[in-house]
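Protein chains in written order, with our numbering: chain E, 6 to 153; chain P, 6 to 294. Beneath this line is the structure, given in structure tokens, with notes to follow.
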């Protein structure tokens with residue numbers, strides 16, 4: 006498996022999820038585990054370019070896959086991606102637990118729909134739960150990246 | 006690690022997969038997209054000794070038009086089907102796909118997986134049932150085809166034997182003057198529907214209803230057809246049909262559960278409204294088709 010462009014080889018127990026593999030065997034703890042059954046969206050990563058729940062995949066299924074985590078979205082010098090910067094600028098986070106999942110989901114959403122309507126934004130965000138912000142800052146961040 | 010221990014098998018051919026299922030019987034389960042099965046395993050509502058991952062079997066992928074049918078390979082991802090031009094030929098499927106979970110779920114979830122999982126509140130079993138779709142199944146003795154009406158047995162239970170795999174779903178493309186509408190009510194986008202209905206109508210040259218299909222989801226232990234209401238519609242003039250009365254009849258013949266999301270009575274009232282709205286939409290479309 007390639008994680009953020011780096012080939013990774015490891016032996017894993019069959020039931021080890023992709024999320025656990027990333028956190029515990031790759032040391033990439035930016036991918037957060039909330040509900041661990043596909044509801045909260047905190048563990049969202051890109052699998053071959055598409056946003057997926059990493060708690061619902063087993064690492065052993067993904068031998069030739071390319072995975073991008075939140076760590077892979079910022080530039081090598083650590084500067085923030087446009088989506089990350091917009092979340093910071095528009096108070097799109099408070100405690101930050103859900104933020105990696107939101108940033109990954111929004112990155113995938115805006116790459117497939119760069120000029121979304123308000124309704125499309127609300128719909129696209131519905132797969133990620135945030136218990137702090139009330140979502141208004143997150144929506145403002147998405148609109149900012151979309152140039153609105 | 007939330008699921009109980011299991012052994013993961015990753016066959017590359019259908020024969021190999023069926024062989025593994027035959028070998029392990031009731032202790033094995035097919036793993037498709039995993040968007041319903043893995044949560045059940047994480048919550049320990051389901052537990053298997055063996056998972057047979059069919060994601061690498063190329064023969065289970067793809068969408069094909071054959072005569073009056075649209076055949077969708079069981080492992081076709083829901084997002085792939087959503088974006089495919091030919092899926093518009095089956096309007097109920099086209100309307101249902103974007104309502105499944107969230108886009109992150111549909112990127113991994115499959116058409117066959119959701120159908121074979123047979124959750125009573127999910128959209129695809131009701132669409133297959135409404136359209137009289139055919140289930141293409143492969144097992145140790147070869148292939149067989151089962152009509153949707155015989156496939157859905159109960160909650161999470163189908164006519165698949167432990168050593169069989171659903172390989173494709175064949176949806177009929179209705180000819181003539183047809184209209185279709187799918188309506189559902191959920192408190193948040195992406196939630197399981199509290200009540201939902203898939204309707205298809207065909208109107209003949211005299212303006213009479215020639216064919217009617219009404220299928221509910223979330224209203225019984227499995228997707229169900231409202232046969233009495235369908236029979237009341239067929240043969241009657243499309244314009245002037247008392248759709249509110251038909252919808253009430255349809256929703257009254259269901260067996261929804263009582264839970265924290267809604268009582269059985271509430272679900273029936275919601276279902277009657279959704280049915281009337283769906284029938285209106287389908288009728289308008291079929292008259293103008």
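Every residue, glycine too, gets a C-beta built ideally from N, C-alpha and C. These figures come from a predicted structure and were not determined experimentally.
I need the straight-line Cα distance from residue i to residue j, nearest angstrom please.
i: residue 37 of chain P; j: residue 275 of chain P; result: 32 Å
i: residue 25 of chain E; j: residue 65 of chain E; result: 12 Å
i: residue 205 of chain P; j: residue 214 of chain P; result: 11 Å
i: residue 13 of chain P; j: residue 148 of chain P; result: 25 Å
i: residue 173 of chain P; j: residue 83 of chain P; result: 13 Å
i: residue 73 of chain E; j: residue 8 of chain E; result: 6 Å
i: residue 41 of chain P; j: residue 52 of chain P; result: 13 Å
i: residue 46 of chain E; j: residue 55 of chain P; result: 27 Å
i: residue 232 of chain P; j: residue 246 of chain P; result: 17 Å
i: residue 229 of chain P; j: residue 85 of chain E; result: 51 Å
i: residue 11 of chain P; j: residue 288 of chain P; result: 50 Å
i: residue 50 of chain P; j: residue 31 of chain P; result: 16 Å
i: residue 180 of chain P; j: residue 17 of chain P; result: 38 Å
Quick one, which of the options has its alpha-carbon nearest residue i's?
i: residue 22 of chain E; options: E:116, E:78 and E:61; result: E:61
i: residue 33 of chain P; options: P:167, P:148 and P:160; result: P:167
i: residue 52 of chain E; options: P:9, P:96, P:111 and P:49; result: P:111
i: residue 279 of chain P; options: P:9, P:200, P:259 and P:236; result: P:200
i: residue 76 of chain P; options: P:203, P:178 and P:238; result: P:178
i: residue 192 of chain P; options: P:39, P:267, P:73 and P:217; result: P:267
i: residue 261 of chain P; options: P:16, P:271, P:66 and P:27; result: P:271
i: residue 95 of chain E; options: E:46, E:84, E:140 and E:118; result: E:140
Kindly indicate the opening and closing residues of the alpha helix (DSSP H) around residue i.
i: residue 148 of chain P; result: Segment 147 to 152 is the beta strand (DSSP E) holding residue 148 of chain P; no alpha helix (DSSP H) there.
i: residue 271 of chain P; result: 269 to 293
i: residue 94 of chain E; result: 87 to 94
i: residue 265 of chain P; result: Residue 265 of chain P -> no alpha helix (DSSP H), and no H or E assigned at all.
i: residue 117 of chain P; result: 116 to 122
i: residue 43 of chain P; result: 42 to 47
i: residue 123 of chain E; result: 123 to 130
i: residue 87 of chain P; result: 83 to 88
i: residue 254 of chain P; result: 248 to 257
i: residue 99 of chain P; result: 96 to 101
i: residue 141 of chain E; result: 141 to 150
i: residue 110 of chain P; result: 108 to 111
Please report whether the beta-carbon of residue i lies at a distance below 8 Å from any beta-carbon of chain A.
i: residue 132 of chain E; result: Any reference to chain A falls outside this structure, whose protein chains are E and P.
Starting from residue i and walking both ways along the beta strand (DSSP E), at which residues does that stretch end?
i: residue 30 of chain E; result: Unbroken run through residue 30 of chain E: none, as it is neither H nor E.
i: residue 159 of chain P; result: 157 to 159
i: residue 177 of chain P; result: 170 to 177
i: residue 75 of chain P; result: 74 to 78
Problem - Any 3 or more C-beta pairs closer than 8 Å across the stretch 68 to 78 of chain E and the stretch 127 to 135 of chain P - result: no
Problem - the stretch 14 to 28 of chain P contacting the stretch 51 to 67 of chain P, beta-carbon criterion three pairs below 8 Å - result: yes
Practice task
Inspect the CB distances between the stretch 88 to 103 of chain P and the stretch 140 to 150 of chain P and report whether three or more fall short of 8 Å.
Solution key: no
Practice task
Decide if the stretch 37 to 49 of chain E is in contact with the stretch 11 to 18 of chain E; the criterion is three or more beta carbon pairs, one per stretch, under 8 Å apart.
Solution key: no
Practice task
For the stretch 34 to 60 of chain E, list the beta strand (DSSP E) runs that are entirely contained and at least 3 residues long, ordered along the chain.
Solution key: 49 to 52 and 55 to 58
Practice task
Please determine if the stretch 215 to 226 of chain P and the stretch 105 to 125 of chain P are in contact, where contact requires at least 3 C-beta pairs separated by less than 8 Å.
Solution key: yes
Exercise for the section: Inspect the CB distances between the stretch 134 to 145 of chain E and the stretch 93 to 109 of chain E and report whether three or more fall short of 8 Å. Expected result: yes
Problem - the stretch 137 to 153 of chain E touching the stretch 73 to 91 of chain E, judged by at least three CB pairs closer than 8 Å - result: yes
Practice task
Write down every uninterrupted run of the beta strand (DSSP E) in the stretch 182 to 245 of chain P whose length is 3 residues or greater and which is fully enclosed by it, in chain order.
Solution key: 182 to 190, 200 to 208 and 214 to 222
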